[in-house]
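In the numbering used here, the protein residues as written are 19 to 189. Each residue gets a CB set at the ideal place from its N, CA and C atoms; glycine is no exception.
#1: Give the DSSP-derived three-state secondary structure of residue 182 in the structure shown.
#2: So which of 143, 154, 112 has the shortest CA-CA distance to residue 129?
#3: Grouping DSSP H, G and I as helix and E and B as strand, with all else coil, what is residue 110?
#4: Cα separation between residue 159 and residue 110?
#5: When burial is assigned at 16 or more other CB atoms within 10 Å of the CB, is residue 137 buried or exposed?
#6: With H, G and I counted as helix, E and B as strand and the rest as coil, what does DSSP make of residue 30?
#7: On the three-state DSSP scale, how would you describe residue 189?
#8: Taking just the CA atoms, how far does residue 149 sit from residue 105?
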């Protein structure tokens, strides 16, 4: 007597099982995330590393000298920032030290595309001009004369700080 053993194995195609899809999902997710990072890195620019450190160092020394010159002239500024304009009241120890035109650079420390540069003229040290609206956060303000012989720096956290005093003497 012969016994026949019949084993019936259920055959399930691979695409109907969970493990192959799990193993495919891991590298597929990596590819999708990689393309997302590539897109972000192409669309944003985070600046260049300076090659000439000596030249940059000399520029810093000149900048310090320009700030010292503003201190020697006895310059100070009171700035009032409004949503779409600003006013600068510039004062000096001698009236002849007040320029007729100033250059104002408004810059954001991390968003270079939001920077604004204005050339403002005004009588008696009062300068007013229209600006593009500034977003919330820290903003840097650089005031200098048209010939760039002196400069003053200030900073403000908007929208809470709208009146800024810029005084190169540090007092």
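On the basis of the data shown:
#1: strand
#2: 154
#3: coil
#4: 18 Å
#5: exposed
#6: coil
#7: No answer about residue 189 holds up, because its pLDDT of 46 lies below 50 and its placement is not dependable.
#8: 10 Å
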